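Contents: one structure, followed by commentary.
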Amino acid sequence: MAANRTWGFFFMVKFLSLCLIFRLTGSQSPPAYWNAAHATFYGDMNGTETMMGACGYGDLIKQGYGLETTALSTALFNNGLTCGACFEIRCYDSVQWCLNDTIIVTATNFCPPNYSKPEGNWCNPPLQHFDLSQPMFRKIAVYRAGIVPVLYRRVPCVKSGGVKFKINGNQYWILILVYNVAGAGDVVDVKIKGSSTSWIQMSRNWGQNWQTSANLIGQSLSFQVTTSDGKMVQSDDVAPADWKFGGVYEGKQF
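Taking mature numbering (1 follows the signal peptide of the UniProt record, and there is no 0), I'd label the letters of the sequence shown as residues -27 to -1, 1 to 227.
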């Protein structure tokens, strides 16, 4: 009986020691429905460097995104198809650097990889990484941390007003920037229709800029916008027949 008690006591001590080591090393599994990644920041507190990003949005303040934005690593950017998606992010597994807050940001830019620096470049594939605006980073972590482990998940985007369409190009080529998209946020398909045409399939040029070579000058314009969750919103006669290049027109919202 004494031997049994000795071995029982030994295994109990061993078990408690392993649990303590586990806690001290911070080796925790992400909670359900969250994914593990890392986050850094770029730019200053004014967010000037975050404007005019790889999604094509331009002035994020005027377009309603503000500084609640992030650049995505290659693994998350998906060649620009993730532009406009919204993520909830919180710092994770770092008592020293984490703050007790969460943020919701919209993907508006790309964090490029550096293949000449395979070590220490957090945006190299296959790493999932968020390069946040500095104000957003400082809501979830201490500034001096520089980089922190985070948990993230996709969440629906909440936007004010309708989907916006900025018309660029010329008489031979029309380029439509689609922005301020609620719901899933990331647009995967756009169709355009003139008042004298049927629906025309547009192709994605870059970011959330969609193009067609159809001559639609002098016609009112309608749009069908489909997001990654398969939902489609049709906005009829968004732009009047006398629409102008450089103009911004507002449609329905998801």
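Idealized CB from N, CA, C, for every residue including glycine. These numbers were taken from a predicted model, which means no experiment stands behind them.
Following the DSSP letters along the chain, one finds Phe50 inside the alpha helix (DSSP H) bounded by residues 47 to 50. Counting only residues of its own chain and dropping the five nearest sequence neighbours on each side, Ser133 has a CB closer than 7 Å to the CB of Gly37. Around Gln174, the same chain offers Lys164 as residues with beta carbons nearer than 7 Å, after the five sequence neighbours per side are excluded. In the assembly as shown, Tyr6 is an exposed residue. Its beta-carbon has fewer than 16 other beta-carbons within 10 Å. In the DSSP secondary-structure assignment, Ile77 is bridged to Glu61.
Here Thr170 carries a coil assignment [DSSP, helix/strand/coil]. Three or more beta-carbon pairs drawn from the stretch 8 to 26 and the stretch 106 to 117 are found closer than 8 Å, and the two stretches are therefore classed as touching. Fully contained in the stretch 173 to 218 is no alpha helix (DSSP H) run of length 4 or more.
Taking C-beta atoms as the reference points, Ala44 and Cys84 count as a pair closer than 7 Å. If one requires a minimum length of 3 residues, the beta strand (DSSP E) runs lying completely within the stretch 7 to 56 are 8 to 15, 42 to 45, in chain order. Residue environment analysis places Lys217 among the exposed positions, since fewer than 16 neighbouring C-beta atoms fall within 10 angstroms of its C-beta.
Secondary structure remark: continuous alpha helix (DSSP H) runs of at least 4 residues inside the stretch 122 to 174: none found. The C-alpha of Ala27 lies about 14 Å from the C-alpha of Val151.
Across the structure, His11 and Tyr88 are spaced so that their CA atoms are roughly 18 Å apart. Around the beta-carbon of Asp215, fewer than 16 other beta-carbon atoms lie within 10 Å, marking it exposed. Within the DSSP bridge table, the entry for Leu105 names Phe14, Thr43 as partners. Between the alpha carbons of Asn52 and Ser193 lies a distance of about 31 Å.
Below 8 Å, enough C-beta pairs join the stretch 113 to 130 and the stretch 68 to 86 to call them touching: three or more. Bridge pairing for Phe83: Leu45 [DSSP]. Counting the other CB atoms within 10 Å of its CB gives Ser46 a total of 16 or more, which places it among the buried residues. With respect to the 7 Å criterion, Leu148 and Gly167 are not classified as neighbours on the basis of their beta carbons. The alpha-carbon of Tyr30 is positioned some 30 Å away from that of Tyr65.
Its Cα nearest to that of Gly158, the residue Val128 stands out among Gln144, Val128, Arg177, Gly142.
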